[in-house]
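In our numbering, the protein residues as written are -19 to 277.
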């Protein structure tokens, strides 16, 4: 996924019951992932009143058009109760064009989707409380850094969403990325690009291009003025010290070895960043309680 410019929807045409999930490429979106987020969930029969009136969800698998704006769940954070409507959850998947069943009804959102929506809103509220709401310029920059473009309409086509819904989702993601940057201390390095393969028969030929590639990865571990290692206690020395490297000469094998070390360094940083972010997010989400009706699973 590291080379993807646009995340594609996995929904075949005509399959209304399959969500057009937004899948973000790694490593660009690795910084925003949080595994196993913790939040208290209460489930069971209850009657909630929302803007669309009171509805009972016990045993329900579908909603009428008039019930889309009814409350199907609530989450409580810092003593404040927040309603979640079916339309809000379904819009996260389908945007403004929520597909109807053949009889004109709409599917009740899956419980997992409701929980994910509430978790996202809780983290967005935390970002807002810290003054980290994304500006239009930040959303554009964030989107371009991941997808190579801020063409929301084109990205939305890949997700199966309209342009406005796509822009809103990317705005929320940018705000959460700003929150993460504010609280996480681990810096994620640039994901390495593999060295260009040599021409057939030139696998062992040392070149200036491979030297430049290797030295760029070595960073402050290489002393270009002295044309040798700056230190021997860095990330790369143990693996690359056995290769012939100079300012203008290195082999493809040395470049491959440097690439492998860089990948490992990225993976290690990503794991530490993810753990730190997950701990923070869990701390925020553990203060919330989500109450669900008998929703679809």
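Glycine residues also receive a C-beta, built at the ideal position from the N, C-alpha and C atoms.
Fair warning: this is a prediction, and the values are worked out from it, not measured in the lab.
Looking only at C-alpha atoms, which of the options sits nearest to residue i?
i           : options            : result
residue 51  : 64, 198, 219       : 64
residue 46  : 199, 190, 134, 87  : 87
residue 44  : 166, 72, 84        : 84
residue 69  : 54, 200, 89        : 89
residue 73  : 92, 59, 56, 58     : 92
residue 106 : 162, 124, 201      : 162
residue 140 : 49, 271, 66, 71    : 71
residue 260 : 167, 160, 127      : 160
residue 220 : 211, 201, 237, 232 : 237
residue 167 : 176, 174, 157      : 157
residue 175 : 232, 109, 82       : 232
residue 265 : 143, 82, 55        : 55
residue 117 : 82, 151, 143       : 151
residue 126 : 164, 186, 153      : 153
residue 49  : 67, 193, 59        : 67
residue 188 : 41, 227, 42, 262   : 227
residue 165 : 40, 41, 270, 258   : 258
residue 194 : 215, 182, 179      : 215
residue 82  : 111, 42, 110       : 42
residue 78  : 183, 213, 142      : 142
Start and end of the beta strand (DSSP E) containing residue i?
i           : result
residue 264 : Element bounds for residue 264: not the beta strand (DSSP E) but the alpha helix (DSSP H), 232 to 265.
residue 55  : 51 to 57
residue 272 : 268 to 272
Taking the DSSP output, what are the residues bridged to residue i?
i           : result
residue 87  : 42
residue 202 : 209
residue 229 : 226
In terms of residues, what are the limits of the alpha helix (DSSP H) holding residue i?
i           : result
residue 198 : 188 to 198
residue 64  : From DSSP, residue 64 is part of no alpha helix (DSSP H) but of the beta strand (DSSP E) over 60 to 65.
residue 129 : Where residue 129 is concerned, there is no enclosing alpha helix (DSSP H), given that its DSSP letter is neither H nor E.
residue 168 : Unbroken run through residue 168: none, as it is neither H nor E.
residue 154 : 143 to 163
residue 217 : 217 to 220
Using 8 Å for Cβ pairs, my map puts residue i next to residue j. What's the rounded Cβ distance?
i           : j           : result
residue 223 : residue 172 : Not quite, the Cβ-Cβ distance comes to about 17 Å (not below 8 Å), so this is no contact.
residue 76  : residue 145 : 6 Å
residue 225 : residue 234 : 6 Å
residue 230 : residue 190 : 4 Å
residue 61  : residue 113 : 22 Å between Cβ atoms; not a contact.
residue 57  : residue 268 : 5 Å
residue 169 : residue 245 : 6 Å
residue 197 : residue 53  : The Cβ separation is near 48 Å, so there is no contact.
Contact criterion: CB-CB distance below 8 Å. Does residue i meet it with respect to chain B?
i           : result
residue 227 : You won't find chain B in this structure, because it holds only one protein chain.
Inter-stretch contact (C-beta, 8 Å, three-pair minimum) for the segment 195 to 213 and the segment 250 to 262: no
Touch test, the segment 93 to 107 against the segment 125 to 141, Cβ-Cβ under 8 Å, three pairs minimum: no
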